[in-house]
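The listed protein sequences derive, respectively, from chains C and X.
Numbering-wise (my numbering), the first sequence opens with residue 75 and increments by one.
Numbering-wise (my numbering), the second sequence opens with residue 206 and increments by one.
We treat Cβ as the ideally placed atom computed from N, Cα and C, and that holds for glycine.
Notes for the one structure printed next.
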Amino acid sequence: MARELWKGNEAIAEAAVRAGLEAYFGYPITPQTELLEYLAVRMPALGRAFLQAESELAAINMVYGAAVAGARTMTSSSSPGVSLMQEALSYIAATEVPMVLVDMMRGGPGLGNLAPTQADYFQLVKGGGHGDYRPIVLAPDSVQEAVDLTYVSFDLAERYRNIVIIAADGNIGQMMEPVEMPPLRERPPVGSVDRGWELTGAVGRPRRIAHSLNLSPEEMARVNASLQNKAAAIAAHEVRYSERFAEDADLLVVAFGSAARIAQTAVRQAREEGLNVGLFRPISLFPFPTDRLAHLATRAQRLLVVELNAGQMLEDVRLAAGAYAPIDFFGRMGGVLPMPDEIYDAIRSAYPHVGGNGNGKGKRSLPAGMRPLTGSWSERMSLN
Amino acid sequence: MIGNLIPVYERPHALTETVTHYCPGCTHGLIHKLVAETLDEMGVTEQTIGVASVGCSVFSYNYFNCDFASAAHGRAPAMATGIKRVHPDRIVFTYQGDGDLAAIGTGEIIHTAARNENITVIFVNNGIYGMTGGQMAPTTLPGMKTTSSPAGRDVKLTGAPIRMSEMLATLDGPAFIARRSVHNPANVNRTRKAIRAAFEAQRQGLGFSIVEILSSCPVNWGKTPVDALKFIEDGMLPYYPLGDFKVSEAMKALLRA
């Protein structure tokens, strides 16, 4: 199939349609709204369910209903709207029904702004609602990858009866790129194939209950153990990442999504200038590619984490690689996007032969926005 | 001889053989039975998907013999919307109390009604939070003592009780909005008829239907079961008049037929 120019939000919507999306519920919020608008046309034309809800709260609970009813279902939003959805996400995780959420992250906290950030990593990856649960979180760095990940997200959601979150940002949602669309899947009508858990009416079978209330602590513990076992299975089988020049890198840049896309330019420039720099890009934020990163960290002399936040994935990088290599951090907050040059400067500063790690020649000077991981909280707060 | 006996009363097929957790004298059980008998009479029990709410009726999914989902507090109408949009040929109903529907879930019930979503809502109004031990609800009567309004509800501080049926009846969409009571046999029968009408509205695709049912809470009202029924009549009926607040033209035709 030929490549066509697609806007990120619309491309994701079309990919979901082609993956067999049967019911969409959403609410307008910038920078995600084109996704809703696209499906407002596309879904009814295919005879599929589309509804604009009165709030993100209602939208996610409609998704909850469609999910227990056995449909391929999805909603999309941006940071403040996703905050509103956290209660239902916890219920959905506990009930173990499949669904997909697209989050086009924007600046926060509060009403924030409309600019792209990655400041909701904690909320998305660590399970932002109450209780112990882990959504599968996939972070694309291009419109094509957003399409590809959205296309497989429904399969993953159903395989594990789990929430899958596409964690993108205003960059991915708003920019246009060439995309090769996957084929439109033919799927049997909702309810025609029984998987043993969906609510379709108890015709010729015992009734089913979809609930998340377990008053007995022992029963609640059993449910939790089951969720943790599932998370372990996901961690064993669904790790995704991408690498550029990572195997022999002395300095390994670690970044995801849009930050990785910008960092890639800086890494390439550094390579051209003879620096042994590589890029490691986690695609699945849960499960985090811990083992692979640890392996690379035993070879690299230093790591540089780049994020569009104050250092959130950084904590997972520390857990994975902190024992093997020193880690620096470069962050931009509030929707301010770094230029590749700024990341390049951060690379130059962190590079072992330039910085303080290898030759011990004086104190390293860090460019604006960059700090060593050992920095105190007050030092972190002085970031611009 | 037993083979010659004719059963005049049986447990509805749509109710499971489960002992309910409801307090002595509570009318939730009676309302469950009315809903279950309606589903059986219509022959739709196997085609029905219920949505339970949070509050005293949180366990209703254990008592109805049909597929059931359990919603987050107040969100049952949104969840039911999702189910109905996926399975428009199924009967979908929510079973909600007044804390769930008239407080935390006000937004969801209003917009579900405004969309004329083709579902049925059984709204049990006892004017108090029962499950958490008797706190003030938006439906608590003026002056009524609860654990969170120990001096009696002061409308100057907390506003006046919400009449949900009247409020929803201002919307153009809904097919059927009625308030009934279960404080005596005659009213139980009227409630049964209204529940049947509400589910028939849905079966005929006429849109949103809700039956608000005044119900007793002897334990949290601090009354005997008999006195609690009397309080429905003497205390609640003057504020919450019974009647049909919205009957769409299509629904009128259905009721005539």
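Query	Result
Alanine 220 (chain C), buried or exposed, once every other Cβ within 10 Å from all chains shown has been counted against 16	buried
Under 7 Å from the C-beta of arginine 261 (chain C): neighbouring residues of chain X	What arginine 261 (chain C) touches in chain X: nothing, since even the nearest Cβ is about 13 Å away.
Per-residue DSSP class, three states only, for phenylalanine 330 (chain C)	coil
C-beta neighbour in chain C for isoleucine 254 (chain X), strict 8 Å	yes
Assigned secondary structure, lysine 437 (chain C) (DSSP; H/G/I helix, E/B strand, else coil)	Low local confidence applies: a pLDDT of 41 at lysine 437 (chain C) is under 50, so the model's placement there is unreliable, with the coordinate-based value given in what follows. Coil.
Residues near valine 297 (chain C) in its chain [Cβ-Cβ closer than 6 Å; skip 5 each side]	Asn288
Unbroken stretches of the alpha helix (DSSP H), 4 residues or longer, contained in the stretch 193-231 of chain C	195-199
Residue from X:Ile288, X:Leu210 and X:Phe298 with nearest C-alpha to serine 414 (chain X)	X:Phe298
Beta-carbon proximity list for asparagine 267 (chain X), same chain, < 6 Å, skipping 5 on both sides	Thr223
Whole-angstrom distance between threonine 396 (chain X) and glycine 255 (chain X), CA atom to CA atom	19 Å
Under 8 Å between C-beta atoms of alanine 90 (chain C) and threonine 224 (chain C)	yes
Terminal residues of the alpha helix (DSSP H) in which proline 418 (chain C) lies	The sequence as given places tyrosine at residue 418 (chain C); proline does not occur at that position. Taken as a continuous stretch (DSSP letters only), the alpha helix (DSSP H) holding tyrosine 418 (chain C) covers 414-424.
Inter-residue spacing [alpha-carbon to alpha-carbon] between valine 387 (chain X) and glycine 357 (chain X)	25 Å
Sequence-distant residues of the same chain with beta carbon closer than 7 Å to methionine 136 (chain C), five excluded per side	Phe99, Leu125 and Ala127
Complete alpha helix (DSSP H) runs within the stretch 248-313 of chain X (minimum length 4 residues, chain order)	265-268 and 281-291
Backbone secondary structure at serine 129 (chain C) - three-state DSSP	coil
Local conformation of valine 277 (chain C) per DSSP, three classes	coil
Proximity test, Cβ basis, 8 Å: alanine 276 (chain X) and chain C	yes
Partners in chain X for arginine 335 (chain C), counting only beta-carbon separations shorter than 7 Å	Neighbours of arginine 335 (chain C) on chain X: none; closest Cβ ~35 Å, over 7 Å.
Proximal residues of chain C, C-beta to C-beta of glycine 312 (chain X) below 8 Å	Glu128, Ser129, Leu131 and Ala132
Contact the stretch 223-238 of chain C vs the stretch 361-370 of chain C: 3+ CB pairs below 8 Å	no
Supposed close pair histidine 463 (chain X), valine 329 (chain X) - CB separation, criterion 8 Å	Residue 463 (chain X) is absent from the structure shown; chain X starts at 206 and stops at 462.
Buried or exposed by the 16-neighbour rule on C-beta atoms within 10 Å, applied to aspartate 390 (chain C)	buried
Through-space distance from glycine 405 (chain C) to valine 380 (chain C), alpha-carbon basis	6 Å
Min CB distance methionine 136 (chain C) to chain X below 8 Å	yes
Test: serine 450 (chain C) CB closer than 8 Å to a CB of chain X	Note on serine 450 (chain C): pLDDT 41, under 50, position unreliable in the model; the coordinate value appears next. Not closer than 8 Å to any Cβ of chain X, the Cβ of serine 450 (chain C) fails to qualify, so no.
Residue-chain proximity (asparagine 270 (chain X), chain C), Cβ-Cβ < 8 Å	yes
Residues bridged to aspartate 177 (chain C) [DSSP beta-bridge criterion]	C:Ser151 and C:Ala241
DSSP bridge partner residues for lysine 81 (chain C) (one or two, in chain order)	C:Met250
Proximal residues to valine 199 (chain C) (C-beta, below 6 Å), its chain only, five neighbours per side dropped	Val211, Leu359 and Phe360
Any chain C beta carbon closer than 8 Å to phenylalanine 273 (chain X)	yes
Any chain C beta carbon closer than 8 Å to alanine 307 (chain X)	no
Interface flag, leucine 113 (chain C) vs chain X, CB-CB below 8 Å	no
Same chain only: Cβ atoms within 8 Å of arginine 335 (chain C), ignoring 5 sequence neighbours per side	Asp215, Ser216 and Asn245
Glycine 181 (chain C) beta carbon near the ligand ATP (any heavy atom closer than 7 Å)	As for the ligand ATP, it is missing from this structure, which has no ligand bound.
Helix, strand or coil at methionine 441 (chain X) [DSSP, three-state]	helix
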